[in-house]
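Working notes for the structure below.
Protein chains: 2
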Amino acid sequence: MKFFNVKTVQETLSIIEEHFGPVGKTCRIPAADAVGMVLAEDVISAEQVPPFSRSTVDGYAVRATDTFGATESLPAFLEITGTIEMGKAAELYLDEGHAQYIPTGGMMPPGADSVVMIEHVEEVGELLNVFRQIAPGENVIRAGDDVNRGELVIAAGHRLRPQDLGVLASVGKTEISVYGKPVVAVLSTGDEIVPAEVQQLAPGEVRDINSITIAAAARQFGAEVMYGGVVKDDYDSFYKKASQLYQEADFLLLSGGSSVGTRDFTVQVLEALGEPGVLVHGVSIKPGKPTIIAKAGAKPVMGLPGHPASALIVFHLFGIPILEKLSGERTVKTDLRLEARITRNVASAVGRSDYIRVKIEQRPDGLWAEPVFGKSGLISTLVASDGMVEIPANQEGIREGEIVKVQLFR
Amino acid sequence: MKFFNVKTVQETLSIIEEHFGPVGKTCRIPAADAVGMVLAEDVISAEQVPPFSRSTVDGYAVRATDTFGATESLPAFLEITGTIEMGKAAELYLDEGHAQYIPTGGMMPPGADSVVMIEHVEEVGELLNVFRQIAPGENVIRAGDDVNRGELVIAAGHRLRPQDLGVLASVGKTEISVYGKPVVAVLSTGDEIVPAEVQQLAPGEVRDINSITIAAAARQFGAEVMYGGVVKDDYDSFYKKASQLYQEADFLLLSGGSSVGTRDFTVQVLEALGEPGVLVHGVSIKPGKPTIIAKAGAKPVMGLPGHPASALIVFHLFGIPILEKLSGERTVKTDLRLEARITRNVASAVGRSDYIRVKIEQRPDGLWAEPVFGKSGLISTLVASDGMVEIPANQEGIREGEIVKVQLFR
Chain A
18 MKFFNVKTVQ ETLSIIEEHF GPVGKTCRIP AADAVGMVLA EDVISAEQVP PFSRSTVDGY
78 AVRATDTFGA TESLPAFLEI TGTIEMGKAA ELYLDEGHAQ YIPTGGMMPP GADSVVMIEH
138 VEEVGELLNV FRQIAPGENV IRAGDDVNRG ELVIAAGHRL RPQDLGVLAS VGKTEISVYG
198 KPVVAVLSTG DEIVPAEVQQ LAPGEVRDIN SITIAAAARQ FGAEVMYGGV VKDDYDSFYK
258 KASQLYQEAD FLLLSGGSSV GTRDFTVQVL EALGEPGVLV HGVSIKPGKP TIIAKAGAKP
318 VMGLPGHPAS ALIVFHLFGI PILEKLSGER TVKTDLRLEA RITRNVASAV GRSDYIRVKI
378 EQRPDGLWAE PVFGKSGLIS TLVASDGMVE IPANQEGIRE GEIVKVQLFR
Chain L
18 MKFFNVKTVQ ETLSIIEEHF GPVGKTCRIP AADAVGMVLA EDVISAEQVP PFSRSTVDGY
78 AVRATDTFGA TESLPAFLEI TGTIEMGKAA ELYLDEGHAQ YIPTGGMMPP GADSVVMIEH
138 VEEVGELLNV FRQIAPGENV IRAGDDVNRG ELVIAAGHRL RPQDLGVLAS VGKTEISVYG
198 KPVVAVLSTG DEIVPAEVQQ LAPGEVRDIN SITIAAAARQ FGAEVMYGGV VKDDYDSFYK
258 KASQLYQEAD FLLLSGGSSV GTRDFTVQVL EALGEPGVLV HGVSIKPGKP TIIAKAGAKP
318 VMGLPGHPAS ALIVFHLFGI PILEKLSGER TVKTDLRLEA RITRNVASAV GRSDYIRVKI
378 EQRPDGLWAE PVFGKSGLIS TLVASDGMVE IPANQEGIRE GEIVKVQLFR
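Heads up: the sequence lines are chains A and L, in that order. Under my numbering, the letters of the first sequence match residues 18 to 427, in that order. Under my numbering, the letters of the second sequence match residues 18 to 427, in that order.
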């Protein structure tokens, strides 16, 4: 089979970047349920957080100038004029020479500018001995220190982490607009493939692995999944099922097609689903060369290689970036791959990016990546691996001890 | 307040390791739905995967010896005696000097030991010209290469990744026993704390951040969450609510208690919930010193610091390891923290582990970690951060350019 349009990894990623965007559906949900979802609105704070100046310690609210020069041997003497209660307004003005007891989180009284910790004072009746001088603002969080009024709290396109939900809670934003989860449909093809439920295999049959692994990976990365099952290598039934899934889903993943016959069908089906059709027909990687990426209408359709290890590696390389685009994510990604040393020489062909599976080992001198060799048809090689290492297209291989970047499998 | 029992990070982790285990509930679920769950049974394969020897390429099944010495100029000549069909038994015995067409994934015919790729042959009627010699076993996955009969496919205690579900599918294991998700209850305390839903804050009041961030983080790490809401600093109402949640949940997280009054209540409530009571009362870390870990019956109860950034850092340090134990996870963890260089000097006190929030920057010479300074009461510092860096207890600080390990926030 010929690949008319073989692209590099970078070219393929640029094509993904250029062609795909958020699926468009947004919905309003409770912010507390939104971890892992992508925010679809800019959230601007209408108020200050905290709304008032607060103490960060248990101690006495004072004017810092009243403590200047205070030491263990020569304390400052202040008059205790009140006690701040948690969750209550601090209304009593704090005059020069005065101190008011304040608990952690308590509201600073007007007139006070700092808090001296309980450890650094001694109460003698209504008199307070202060044994340490403090600076103005010390042990205080001022109104608006956390979030200012009118500040952009979180921008649209951000995938929400626990702390992001926390800051939304702090400004009273309990309902937010998020992008809906992209719906991914997975369809396996191949005359030899039977659903995993089949207990008695006929000679020549194997169970469907890719539907399960690809669906699970898509779900981990924030998608909802529709299982399309397995279809035989017959253009009409393949097209019919693919077309039906294409209508219902935001992203169609076809898996299988490692034999010439099936690969041909896959391309025909991808072209028949809609314009503009196939964008990438083959990528200069190993494993995973027979990867096909198409666009039918606005929707991505991807033909994954049939070998289970290839399929999951290709999904990590290109399926996840597509999912991120569909999810509305706009964050510029930092390369957060782990660095490790490779435990042995690995040869590679120039002009092709190789992805080798590795197991991470912790040794006294740091992390090492042990290649897990084995044909890409063996799912067990991925089970034994923690991640994958790229040998870039311009390298002839990597030498034992060389530092490599490991993309971890989750 | 005194901490009678301040532990180091390592001591605290050892106490967690020693005291807590799987919540015990297991359930049978479809394997396809089990990504992120922890397997509760050893899965042994009753069969071989693949169940028969298969070709990994499109080509001709042959005996390797028949190709020995074949070159472009002096090809080997074989007789084409059949065609293997995908998904069908290969029944025709392959004799010396013969070849049978075989598609990728097809079943090897008896008598054949290798496959010559279609690219290296030429068909001339029923005659096959083979232009390259191949080795026995070349381009073949043998029966059992992926999984052997009687092999331990995945051991109990393993958190299931997509590829793990794939190998389970390959052996026809579509229903598995997993540990139930631990149920985490989160309860916030403090007279100044009001639920995030409250739109009009009275003077002195702030919204509850920790319930939201801690619940979201627990959910990300595989827990189900019960929100307990907010209770006031009153022993009776605090105990009553905590006790009710303790009955219903597997792991109770109390948040708040940064003022002396609340902290005292928290310890009393933890002790009252059941034996053996408080195991860790204070950890030598910053932020997060007022962390409390208790055990009531078999269940963990944790008192988190009230400051939002401290609470989430402490949850990452100790809450997640507790959740892993409750989940039944038995995998020995590798230290997979990312390495980066710190962008500036950071001072630290010896005898205490400091956790500084950092933003990761990608520079031409690699990853750099930029400290995000700010009081631990500010949730916005975590929003601006990608992870945290530990300055170990035996270090006085870190110098600009030094390599540090970054634990990423998800």
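Note that beta-carbon positions come from the ideal geometry of N, C-alpha and C, so glycine has one too.
Selection from the options that minimises the alpha carbon distance to residue i
i, options, result
"A/Glu417", "A/Ala401, A/Ala364, A/Ile396", "A/Ala364"
"L/Lys316", "L/Leu262, L/Glu214, L/Asn156", "L/Leu262"
"A/Val331", "A/Ala234, A/Ala202, A/Ala401", "A/Ala234"
"L/Asn227", "A/Ser254, A/Asp181, A/Glu102", "A/Asp181"
"L/Gly368", "L/Ser301, L/Ile32, L/Arg159", "L/Ser301"
"L/Asp59", "L/Pro153, L/Pro67, L/Gly167", "L/Gly167"
"L/Ser397", "A/Glu89, A/Pro179, A/Lys376", "A/Pro179"
"L/Val421", "A/Leu355, A/Ser370, A/Ser393", "A/Leu355"
"L/Ile231", "L/Met54, L/Leu399, L/Leu56", "L/Leu399"
"L/Ser90", "L/Val423, L/Val247, L/His137, L/Ala213", "L/His137"
"A/Pro322", "A/His298, A/Asp162, A/Ser344, A/Leu343", "A/His298"
"A/Tyr244", "A/Val375, A/Ala259, A/Gly345, A/Asp251", "A/Ala259"
"A/Pro68", "L/Glu209, L/Val201, L/Gln264, L/Arg176", "L/Glu209"
"A/Val66", "L/Gly394, L/Glu413, L/Gly414, L/Asn411", "L/Gly394"
"L/Glu265", "L/Leu340, L/Val200, L/Ile135", "L/Val200"
"L/Glu413", "L/Arg427, L/Lys392, L/Gly391, L/Ala366", "L/Ala366"
Interface flag, residue i vs chain L, CB-CB below 8 Å
i, result
"A/Met103", "yes"
"A/Gln216", "yes"
"A/Arg166", "no"
"A/Glu34", "no"
"A/Gln379", "yes"
"A/Gly174", "no"
"A/Glu356", "yes"
"A/Ile396", "yes"
"A/Asp225", "yes"
"A/Gln424", "no"
C-alpha distance - residue i paired with residue j, whole-angstrom precision
i, j, result
"L/Ala63", "L/Val188", "8 Å"
"A/Phe335", "A/Glu102", "56 Å"
"A/Thr351", "A/Leu287", "32 Å"
"A/Trp385", "A/Asp403", "12 Å"
"A/Pro220", "L/Ala160", "12 Å"
"L/Gly99", "A/Gly41", "53 Å"
"L/Thr29", "A/Cys44", "42 Å"
"A/Gly122", "A/Val389", "54 Å"
"A/Val133", "A/Ser72", "10 Å"
"L/Gly1", "A/Ile377", "Because chain L here runs from 18 to 427, residue 1 of chain L falls outside it and cannot be looked at."
"A/Gly314", "A/Pro293", "7 Å"
"A/Gly128", "A/His333", "58 Å"
"A/Gln424", "A/Asp371", "13 Å"
"L/Asp225", "L/Lys249", "12 Å"
"L/Phe37", "L/Leu343", "7 Å"
"A/Ile171", "A/Gly183", "11 Å"
"A/Tyr196", "A/Asp267", "13 Å"
The ligand FMN heavy atom lying under 7 Å from the CB of residue i
i, result
"A/Ile193", "The ligand FMN is absent from the structure shown, which contains no ligands of any kind."
Exposed unless 16 or more other CB atoms sit within 10 angstroms - verdict on residue i
i, result
"L/Asp382", "exposed"
"L/Gln27", "exposed"
"L/Glu407", "buried"
"L/Asp83", "buried"
"A/Pro307", "buried"
"A/Gly305", "buried"
"L/Thr283", "buried"
"L/Arg374", "buried"
"A/Phe238", "buried"
CB contact check: residue i to chain A, cutoff 8 Å
i, result
"L/Ile97", "no"
"L/Phe282", "no"
"L/Val184", "yes"
"L/Lys392", "yes"
"L/Thr73", "yes"
Discussion item. I want to know whether the region 80 to 99 of chain A touches the region 135 to 155 of chain A - three or more CB-CB distances under 8 Å.
Written reply: yes
Worksheet item: Counting pairs of Cβ atoms below 8 Å between the region 98 to 112 of chain L and the region 41 to 49 of chain L, do you hit three or more?
Response: no
Discussion item. Pairs of beta-carbons, one from the region 192 to 212 of chain A and one from the region 242 to 261 of chain L, closer than 8 Å: are there three or more?
Written reply: no
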